[in-house]
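So in this note's numbering, spot 314 of the sequence shown is number 829, and the numbers just go up one at a time.
Heads up, the beta-carbon is just placed ideally off N, CA and C, and yes, glycines get one too.
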Amino acid sequence: MELLIALLVVILIVLISYGILYYLSKKQTKTNQELDEQKQEIMAIPVADKLYTIKNKNVTGKTGRALENEQANWQTVTQYKLPEIEAVLVSAQDATDKLFSKIKARQMSDKAEDLLQEARTEVEGINQRLEKLLDQEDANASYHEELYDRYAKIRKQLLAHSYAYGPSQETLEKNLSYIELDFTKYNELMNDGDFIGAHEILEQIQRDIESLEGMMEEIPSLLTRIDEEYLAQYEDLNQGYKAMLDEDYRFPMDVDIPEEINQVDKVINNAKEAIARADLDEAQAIMERAEVQIDRTYELMEAELRAKQYIGGNQGAMQQTLSKVHQSNRYAILEIDRVAQNYQLSGSEMSQMRDYADQIDRLQETIDYTNQQEGNHTIAYSDMETRYRDSYETLAEIEKGQSKIVSSLAGLKQQEREARDQLYLYELDLRNIKRKVGQYHLPGLDPSYLDRFFACEDTLDAMRSKLNRVKLDMEEINRLSQIASEDIEYLDTEIEKTLDYVRLTETAIQYANRYRANHPEINDAVDYSHYLFNERYDYQGAYQAIVDCVAKFDSQAQSEIEKIYRADKDKYNY
516 MELLIALLVV
526 ILIVLISYGI
536 LYYLSKKQTK
546 TNQELDEQKQ
556 EIMAIPVADK
566 LYTIKNKNVT
576 GKTGRALENE
586 QANWQTVTQY
596 KLPEIEAVLV
606 SAQDATDKLF
616 SKIKARQMSD
626 KAEDLLQEAR
636 TEVEGINQRL
646 EKLLDQEDAN
656 ASYHEELYDR
666 YAKIRKQLLA
676 HSYAYGPSQE
686 TLEKNLSYIE
696 LDFTKYNELM
706 NDGDFIGAHE
716 ILEQIQRDIE
726 SLEGMMEEIP
736 SLLTRIDEEY
746 LAQYEDLNQG
756 YKAMLDEDYR
766 FPMDVDIPEE
776 INQVDKVINN
786 AKEAIARADL
796 DEAQAIMERA
806 EVQIDRTYEL
816 MEAELRAKQY
826 IGGNQGAMQQ
836 TLSKVHQSNR
846 YAILEIDRVA
856 QNYQLSGSEM
866 SQMRDYADQI
876 DRLQETIDYT
886 NQQEGNHTIA
896 YSDMETRYRD
906 SYETLAEIEK
916 GQSKIVSSLA
926 GLKQQEREAR
936 DQLYLYELDL
946 RNIKRKVGQY
956 HLPGLDPSYL
966 DRFFACEDTL
976 DAMRSKLNRV
986 KLDMEEINRL
996 SQIASEDIEY
1006 LDTEIEKTLD
1016 YVRLTETAIQ
1026 YANRYRANHP
1036 EINDAVDYSH
1046 YLFNERYDYQ
1056 GAYQAIVDCV
1066 AKFDSQAQSE
1076 IEKIYRADKD
1086 KYNY
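Following this line, the structure appears as structure tokens:
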């Protein structure tokens, strides 16, 4: 029974396998048929008919070479690629018919499909290019008609409005003749059957016509611009220059107005020549240079007009300024003489004022000479303006310097008053320091402090002596005042420190007395403190000797002592 079941299973598997193979064979056969139909579609594309039609037109030149190229491409397809496709399709079908060659059949059909796609692309390309060749003749005729109408319109416009193109008419007509020659060449190529070559000629004609149309549109506006703007401005410059000469204007040595105007004329003529050649880019560039040259010439002439207006408004003001600064100089010299009777000056004040006086005299001479040149019409107004402006600037610097010197002289009297007041205060401060020391009956002071004290007294004596002289040297007096100020500040600060330690020492001894019964070493510390206080005048050391001893058994001793002292400090009489 088991053997029978196994046999049935094998038979069932064989039947299923044959069924699958049959299905695959039918499917592959259908695929092969579809591929064959694609091949027939490719062969049905009318490439051969178009090759025949074009060949019968007896084409030549570039068109003939294009035809030969497409014929070669078509032969490659028909003689090599299509037979190869046919062979692959036959192999695919043979493999399909064989029971166990289904994989090979699929591979061959895939290859055939790739070859068919490649062949279709190439054949369709050949067909499209041949189609274009067939249409080229009619397309050229339509293109030619359009271009010839534009050419005729240009010629008519040039004949009817030749005046509008001025010297460029000859160049424009020459360009038209070149276009006419190209039309003749086009007709020859069409008659010879070279439609591609003829089309290229038409494209060149179109570019030339577009260029010519652009020229004919732009040239009249350029010529109008030259005639109505540049030439008008050129004439205006000529007339303006003559009018300025009639009014006795002169120009700086480095300004040649006739040459500037001549350059305007030269640039305008260069622009006309460029237009005559129909070189419009060059013409535009030259016309821009013409504008720059015209503006430059106008500016040079207008600068003189503006300068004359400036001089007219400043001649009186300049003389007034010179007089004012000169008077200030005379006053300053008198003031220096007056102040020098009571104060010792550095000596540079008078020499500086005399130098200013010389500068003012030279400026006066320059302005007088400049005005004389104007009266004789031998100087340009712009040169006059430059001299005036330079003179104003120099006068402003002189006035500033004179004012500074006068202000410094005026301050000497105030400095004297302040110095006398300071001397009184310094002497008062020094007496107060003596009084503070005397209140405490100190056994002595540090030698360096005493040296500084006596030096300060000497300084004040010297300051008093110099203030009592007939002619005061305020620079030296101010120097001594500064030294005295520093000395007194030092002396006052140091004596305050000294008195603080004196009073702190007294407070420390009182604080230490509470520990004397239990700490006999305090007696030694007090004795040592008295030694430092009375013999060495080391008041800080005397205080520190007590504090250091008490601190051995009272760590808060120093802070407590100083706290007590600060609380009682305002009770002391200074």
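Need the endpoints of the alpha helix (DSSP H) that residue i sits in, please.
i	result
isoleucine 998	989-1027
glutamine 799	795-855
glutamine 930	896-954
proline 962	962-982
isoleucine 772	772-791
threonine 1137	Past the boundaries of the shown model lies residue 1137; the chain is included only from 516 to 1089, so the question cannot be answered.
tyrosine 858	Premise fails: tyrosine 858 is in no alpha helix (DSSP H) and is neither H nor E.
threonine 885	863-890
lysine 1078	1072-1083
asparagine 1049	No alpha helix (DSSP H) holds asparagine 1049; DSSP gives it neither H nor E.
asparagine 753	746-761
How many angstroms separate the CA atom of residue i from the CA atom of residue j?
i	j	result
methionine 865	aspartate 944	39 Å
glutamate 1009	glycine 1056	15 Å
alanine 786	isoleucine 776	16 Å
alanine 747	arginine 740	10 Å
asparagine 588	asparagine 706	27 Å
arginine 845	glutamate 912	16 Å
glutamine 887	methionine 816	22 Å
threonine 901	isoleucine 894	12 Å
aspartate 1063	tyrosine 1054	14 Å
leucine 760	phenylalanine 766	10 Å
serine 616	aspartate 653	With a pLDDT of 49 at serine 616, under the threshold of 50, the predicted position of this residue should be treated as unreliable, and no value is reported.
isoleucine 790	glycine 890	49 Å
glutamate 715	glutamate 733	27 Å
glutamine 799	valine 779	15 Å
arginine 1018	serine 963	22 Å
aspartate 709	aspartate 629	37 Å
threonine 636	arginine 722	34 Å
leucine 536	proline 598	Low local confidence applies: a pLDDT of 45 at leucine 536 is under 50, so the model's placement there is unreliable, and no value is given.
leucine 910	serine 838	11 Å
serine 922	glutamate 850	11 Å
leucine 673	leucine 696	18 Å
isoleucine 848	arginine 979	30 Å
glutamine 1073	proline 1035	19 Å
tyrosine 745	threonine 812	13 Å
aspartate 796	glutamate 880	56 Å
glutamate 488	isoleucine 920	A question about residue 488 goes unanswered here, because the residues of the chain that appear run from 516 up to 1089.
glutamine 1071	arginine 1029	14 Å
serine 692	glycine 576	25 Å
proline 561	glutamine 643	11 Å
leucine 614	glutamine 651	The pLDDT assigned to leucine 614 is 45, lower than 50, so where the model puts this residue is not dependable; a value taken from the coordinates is nonetheless given after this. Straight-line Cα distance between these residues: approximately 56 Å.
methionine 833	glutamine 917	18 Å
lysine 1084	aspartate 973	33 Å
Out of the options, point me to the one whose CA is closest to residue i's CA.
i	options	result
alanine 1032	Val1065, Asn1049, Gln835, Leu1019	Val1065
glutamate 1011	Ser726, Glu688, Lys949	Lys949
leucine 687	Glu637, Met730, Lys647	Met730
leucine 648	Ile809, Leu1006, Tyr701, Thr568	Thr568
glutamate 1004	Glu583, Arg792, Glu942	Glu942
glutamine 929	Leu987, Glu914, Lys570	Leu987
asparagine 1038	Ile1024, Leu1014, Gln1071	Ile1024
tyrosine 825	Tyr896, Ser861, Asp771	Tyr896
proline 773	Asn1049, Asp751, Gln937	Asp751
leucine 938	Leu960, Ala977, Asp961, Lys951	Ala977
valine 792	Ala1027, Pro561, Gly681	Per the sequence shown, residue 792 should be read as arginine rather than valine. Ranking Ala1027, Pro561, Gly681 by Cα distance to arginine 792 puts Gly681 first.
isoleucine 1061	Tyr1052, Ile1079, Arg1081, Glu1021	Glu1021
isoleucine 783	Asp1007, His956, Arg804, Asp794	Arg804
glutamate 1091	Asn753, Leu645, Tyr701, Thr836	Look at the range of the chain in this structure, 516 to 1089, and you will see that residue 1091 is not part of it.
glycine 755	Glu1001, Ile809, Met768	Ile809
histidine 956	Ser657, Thr699, Thr1013, Leu1006	Thr1013
lysine 981	Glu931, Asn584, Asp1069	Glu931
I want to check one thing, is the minimum distance from the CB of residue i to the heavy atoms of the ligand ZN below 7 Å?
i	result
arginine 1051	Judged by which ligands are present, the structure shown has none, so any question about the ligand ZN falls away.
Does residue i get closer than 8 Å to chain C when you measure Cβ to Cβ?
i	result
aspartate 664	Included in the structure is just one protein chain, with no chain C present.
- Item | Ranges of the alpha helix (DSSP H) found wholly within the stretch 656-712, counting only runs of at least 4 | 684-707
- Message: Under 8 Å: do the stretch 906-920 and the stretch 955-969 share three or more Cβ pairs, one atom per stretch?
- Response: no
- Item | Three CB pairs or more closer than 8 Å across the stretch 875-882 and the stretch 848-858 | no
- Message: Does the structure place the stretch 1033-1052 close enough to the stretch 986-1002 that three or more beta carbon pairs sit under 8 Å?
- Response: no
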